[in-house]
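Heads up: the protein sequence lines correspond to chains A and B, in order.
869 is the number of the first residue of the first sequence in my numbering; add one for each residue after it.
869 is the number of the first residue of the second sequence in my numbering; add one for each residue after it.
For each residue, glycine too, the CB sits at the ideal point set by N, CA and C.
Note that the structure is a prediction, hence the values are computed from the model and not measured.
Step one of this worksheet: look at the structure below.
Number of protein chains: 2
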Amino acid sequence: MIEVRDLKKLYRMGTETIYALNGVNLNIARNEYLALMGPSGSGKSTLMNLLGCLDTPTSGTYHLNHIDVSQVDDDELAEIRNKEIGFVFQTFNLLPRLSALENVALPLVYAGMGRHDRLEQAAEALRSVGLGDRMDHRPNELSGGQRQRVAVARALVNRPSIILADEPTGNLDSKTSYEIMDLFDNLHAQGNTIIIVTHEPDIAQRTLRIVKLIDGVVESDEPVNH
Amino acid sequence: MIEVRDLKKLYRMGTETIYALNGVNLNIARNEYLALMGPSGSGKSTLMNLLGCLDTPTSGTYHLNHIDVSQVDDDELAEIRNKEIGFVFQTFNLLPRLSALENVALPLVYAGMGRHDRLEQAAEALRSVGLGDRMDHRPNELSGGQRQRVAVARALVNRPSIILADEPTGNLDSKTSYEIMDLFDNLHAQGNTIIIVTHEPDIAQRTLRIVKLIDGVVESDEPVNH
Ligand SMILES: Nc1ncnc2c1ncn2[C@@H]1O[C@H](COP(=O)(O)OP(=O)(O)OP(=O)(O)O)[C@@H](O)[C@H]1O
Ligand SMILES: Nc1ncnc2c1ncn2[C@@H]1O[C@H](COP(=O)(O)OP(=O)(O)OP(=O)(O)O)[C@@H](O)[C@H]1O
Ligand SMILES: [Mg+2]
Ligand SMILES: [Mg+2]
């Protein structure tokens, strides 16, 4: 369902060219459970942004469900993003003036859901990440790990079939990060496709396949031994 | 040198009161190397902000080098912060329109250092965290782990004697986080006091003492067995 061929993303900085991605090839089937690892700066977030249709490559192709994403117009791309894909950002990207509940409800506004239903569905998503007692707090009234969990809840609230989580447990203690991984395990068991960037081997060991990037290319792509 | 007695920090949210810190007692001597751990929301960042003189408690006392910090006026407090304390924020807090180099040089502006010297000292700090080739990038042109390392470099550039690092390796792969810990080890060997919030046991094991918080109070305070 995800087919990436020779994907490149370059940035020109003055006389220098930075190859954030330098020819990535990847096939990801429906209902896969994959960890994306690699050193800081190796291109993981860049790849995630491309997979999430938040950015466009410099060259190469990305087919999502047999559609060449580069041939799709902006409105249709926005629709794919909102309906199909849930994205947890490495830097959370919460809106500072909205409460946790309003932040999580935002994707449901785009989905055209009525106010009562979306606040109820957002509340349920927040409870599923252990933040039932923090719904009215704004992001600056939350701890780092609580903001991270609001970002996770927001990515899941629209019940997307593809979940792209960029370091979803980086700010969490062991117990809380295992609770978040239990949540992802359940979503995987329900048939969804889960791609998690992590630098923690314990977290990666809970998935079924580990893809390692180095300097913008795939260095290894192996199933997890259970 | 750090003496905290019955420190409390409360937030009133409508009818509810949240006890972010609920009576913390702690003594930290010069040249200690301490890890602060605990579940998400247990009060670690709140305590770090109080120790870093970035916030004031609701009640209790904080003596830094025998000075009662609550009795100090704002100018003197700012001076203590800029000269004595290096702070790595959990959410980095970099200025988006400045390059990595300019961000790291900022504490030296407050220290009254001339432009040439501060850019040189900032460049050295960035090289020490492996970002010698990213100095002109702005924060949105850096990976998550690179931004984190800029935040570390900025905390160290003024050569403070107390380093407060709130999750300095949360976005880093193993190899890069060990390089950052080597840096902290060296600073400790030079006589400085290092307090690191971490949720990773491997990182905590590299320090000499682990303080665990739970629900805003100290649950345990133990030396590390080496
Ligand atoms: N401005 C605020 N208003 C209300 N509650 C707050 C505010 N700031 C923090 N809190 C609450 O205080 C508690 C402690 O927050 P703190 O940021 O110190 O936790 P932490 O231990 O650093 O957590 P994490 O590991 O997730 O970063 C949290 O439950 C948080 O929701
Ligand atoms: N807008 C940009 N302009 C120039 N270089 C960029 C830009 N965005 C990212 N880069 C560079 O591209 C490389 C890959 O960045 P990316 O964010 O994908 O890394 P990452 O693997 O997610 O790292 P981390 O683990 O630290 O989050 C980095 O070296 C970064 O400096
Ligand atoms: Mg990243
Ligand atoms: Mg914190």
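Could you pull the start and end residues of the beta strand (DSSP E) that residue 1039 of chain A belongs to?
Here residue 1039 of chain A corresponds to residue number 171 of the first sequence, with the count starting at 1. It is not in any beta strand (DSSP E) - residue 1039 of chain A carries neither H nor E in the DSSP assignment.
Leaving aside the five residues before and after residue 997 of chain A along the sequence, list all residues of the same chain whose C-beta is less than 6 Å from its C-beta, in chain order.
Position 129 of the first sequence, counting from 1, holds the residue named residue 997 of chain A. Excluding positions up to five away in sequence, the list reads 1017, 1020 and 1021.
So the candidates are A:891, A:916, A:1003 and A:1026; which of them puts its Cα closest to the Cα of residue 1085 of chain A?
What you label residue 1085 of chain A is simply residue 217 of the first sequence in a count that begins at 1. When each option's Cα is compared against that of residue 1085 of chain A, the closest is A:891.
Alpha carbon to alpha carbon, how far is residue 943 of chain B from residue 950 of chain B?
Residue 943 of chain B sits at position 75 when you count from the first residue of the second sequence. Residue 950 of chain B sits at position 82 when you count from the first residue of the second sequence. Take the alpha-carbon of residue 943 of chain B and the one of residue 950 of chain B: they are about 11 Å apart.
For residue 1081 of chain B, the first and last residue of its enclosing beta strand (DSSP E)
For the purposes of this step, residue 1081 of chain B is taken as the residue at position 213 of the second sequence. Run containing residue 1081 of chain B: 1077–1082, per the beta strand (DSSP E) assignment.
Using the beta-carbon of each residue, which ones in chain A are nearer than 8 Å to residue 1039 of chain B?
Here residue 1039 of chain B is taken as the residue at index 171 of the second sequence, counted from 1. By Cβ distance, chain A contributes 908, 958, 1035, 1038 and 1067.
Should residue 1043 of chain A be flagged as near chain C, meaning a C-beta pair shorter than 8 Å?
Protein chains in the displayed structure are A and B, and chain C is not among them.
Contact set between residue 992 of chain A and chain B, taken where Cβ atoms lie within less than 9 Å
Translated into positions along the first sequence, residue 992 of chain A becomes position 124. None at all; the shortest Cβ gap to chain B is about 20 Å.
On the three-state DSSP scale, how would you describe residue 1012 of chain B?
The residue labelled residue 1012 of chain B in the question sits at position 144 within the second sequence. Helix, per DSSP.
Give the range of the beta strand (DSSP E) segment to which residue 970 of chain A is assigned.
The residue labelled residue 970 of chain A in the question sits at position 102 within the first sequence. No beta strand (DSSP E) holds residue 970 of chain A; the alpha helix (DSSP H) holding it covers 968–978.
Residue 1090 of chain A: contacting residues in chain B (beta-carbon distance under 7 Å):
Locating residue 1090 of chain A in the first sequence gives position 222, where the first residue counts as 1. Here the premise fails: no neighbours, minimum Cβ distance about 17 Å.
Neighbourhood of residue 957 of chain A by C-beta distance below 7 Å, restricted to the same chain and skipping five residues each side
As a working mapping, residue 957 of chain A is identified with position 89 in the first sequence. Excluding sequence neighbours, residue 957 of chain A sits near 1019 and 1034.
Residues of chain B with CB under 8 Å from residue 913 of chain A, in chain order?
In the first sequence, counting from the first residue as 1, residue 913 of chain A sits at position 45. Near residue 913 of chain A (Cβ distances below 8 Å), the residues of chain B are 1011 and 1012.
What does residue 881 of chain A touch in chain B if you count any residue whose Cβ is under 9 Å from its own?
In the first sequence, residue 881 of chain A corresponds to position 13, counting from 1. Neighbours of residue 881 of chain A on chain B, chain order: 1004, 1005 and 1009.
Does the segment 920–928 of chain A come within contact of the segment 874–881 of chain A, defined as at least 3 CB pairs closer than 8 Å?
yes
Output the boundary residues of the beta strand (DSSP E) element that contains residue 1004 of chain B.
For the purposes of this step, residue 1004 of chain B is taken as the residue at position 136 of the second sequence. From DSSP, residue 1004 of chain B is part of no beta strand (DSSP E); its letter is neither H nor E.
Pick helix, strand or coil for residue 942 of chain A, following the three-state DSSP scheme.
To locate residue 942 of chain A, count along the first sequence from 1; it is residue 74. Here residue 942 of chain A sits in helix by DSSP.
Proximity test, residue 1083 of chain A beta-carbon vs ligand 3 heavy atom, cut-off 7 Å:
The residue labelled residue 1083 of chain A in the question sits at position 215 within the first sequence. Not under cutoff, so the answer is no.
Counting pairs of Cβ atoms below 8 Å between the segment 1074–1093 of chain A and the segment 902–912 of chain A, do you hit three or more?
yes
For residue 896 of chain B, which option in B:931, B:888 and B:874 has the closest C-alpha, if you only look at C-alpha atoms?
Position 28 of the second sequence, counted from the start, is the residue given in the question as residue 896 of chain B. Nearest C-alpha to residue 896 of chain B: B:931.
Quick check: the Cα distance between residue 952 of chain B and residue 1045 of chain B, rounded to an integer number of angstroms?
As a working mapping, residue 952 of chain B is identified with position 84 in the second sequence. As a working mapping, residue 1045 of chain B is identified with position 177 in the second sequence. So the alpha carbons of these two residues sit roughly 24 Å apart.
For residue 1008 of chain A and residue 902 of chain B, I'd like the C-alpha separation in whole angstroms.
Translated into positions along the first sequence, residue 1008 of chain A becomes position 140. Translated into positions along the second sequence, residue 902 of chain B becomes position 34. Roughly 26 Å separates the two Cα atoms.
Exposed or buried, what is residue 1068 of chain B when buried is set at 16 or more other beta-carbons lying within 10 Å of its beta-carbon?
Within the second sequence, residue 1068 of chain B is the residue found at index 200, counting from 1. Under this definition residue 1068 of chain B is a buried residue.
Would you mind sorting residue 1039 of chain A into buried or exposed? The rule is 16 or more other CB atoms within 10 Å of its CB.
The sequence position of residue 1039 of chain A within the first sequence is 171, counting from 1. Answer is buried; the Cβ neighbour count reaches 16.
In chain order, what residues of the same chain have a beta carbon less than 8 Å from the beta carbon of residue 874 of chain A, not counting five sequence neighbours either side?
For the purposes of this step, residue 874 of chain A is taken as the residue at position 6 of the first sequence. So the qualifying residues of the chain are 891, 892, 893, 927, 928 and 929.
Span separating the alpha-carbon of residue 1042 of chain B from that of residue 1074 of chain A
For the purposes of this step, residue 1042 of chain B is taken as residue 174 along the second sequence, with counting starting at 1. For the purposes of this step, residue 1074 of chain A is taken as residue 206 along the first sequence, with counting starting at 1. Cα-Cα distance, rounded: 18 Å.
Contact defined as beta carbons within less than 8 Å: I believe residue 1010 of chain B pairs with residue 990 of chain B. What is the distance between those atoms, to the nearest angstrom?
As a working mapping, residue 1010 of chain B is identified with position 142 in the second sequence. As a working mapping, residue 990 of chain B is identified with position 122 in the second sequence. Taking the Cβ atoms as the reference, residue 1010 of chain B lies roughly 15 Å from residue 990 of chain B, outside the contact range of under 8 Å.
Could you tell me the distance, in whole angstroms, from the CA atom of residue 887 of chain B to the CA atom of residue 1004 of chain A?
One-based indexing of the second sequence puts residue 887 of chain B at position 19. One-based indexing of the first sequence puts residue 1004 of chain A at position 136. Residue 887 of chain B and residue 1004 of chain A have their alpha carbons spaced roughly 16 Å apart.
Since residue 1091 of chain B is in the beta strand (DSSP E), which residue starts that stretch and which ends it?
The sequence position of residue 1091 of chain B within the second sequence is 223, counting from 1. Segment 1085–1091, the beta strand (DSSP E) holding residue 1091 of chain B.
Assigned exposure category for residue 1031 of chain A - 16 Cβ within 10 Å defines buried:
Residue mapping note: residue 1031 of chain A aligns to position 163 of the first sequence, counting from 1. Buried: at least 16 other Cβ atoms inside 10 Å.
For a test of the three-state rule: what should DSSP assign to residue 1054 of chain A, helix, strand or coil?
As a position in the first sequence, residue 1054 of chain A is number 186, starting the count at 1. Reduced to three states, the DSSP call for residue 1054 of chain A is helix.
Sorry if obvious, but does the Cβ on residue 958 of chain A come closer than 7 Å to a heavy atom of ligand 3?
Taking the first residue of the first sequence as position 1, residue 958 of chain A is located at position 90. Indeed, a heavy atom of ligand 3 lies less than 7 Å from the Cβ.
Only counting the same chain, and skipping five residues up and downstream in sequence, which positions put a Cβ closer than 6 Å to that of residue 1024 of chain A?
The residue given as residue 1024 of chain A occupies position 156 in the first sequence. Excluding sequence neighbours, residue 1024 of chain A sits near 954 and 993.
Just curious, the alpha helix (DSSP H) that residue 994 of chain A is in, first and last residue?
Translated into the one-based positions of the first sequence, residue 994 of chain A becomes position 126. It spans 983–996 - the alpha helix (DSSP H) in which residue 994 of chain A sits, taken as one unbroken run.
Taking the straight line between their C-alpha atoms, what separation do you get for residue 922 of chain A and residue 964 of chain B?
Here residue 922 of chain A refers to the residue found at position 54 when the first sequence is read from its first residue. Here residue 964 of chain B refers to the residue found at position 96 when the second sequence is read from its first residue. Answer to the nearest angstrom: the Cα atoms are 20 Å apart.
What is the DSSP secondary structure of residue 1047 of chain B, reduced to helix, strand or coil?
The count along the second sequence starts at 1 and reaches residue 1047 of chain B at position 179. Correct three-state label for residue 1047 of chain B: helix.
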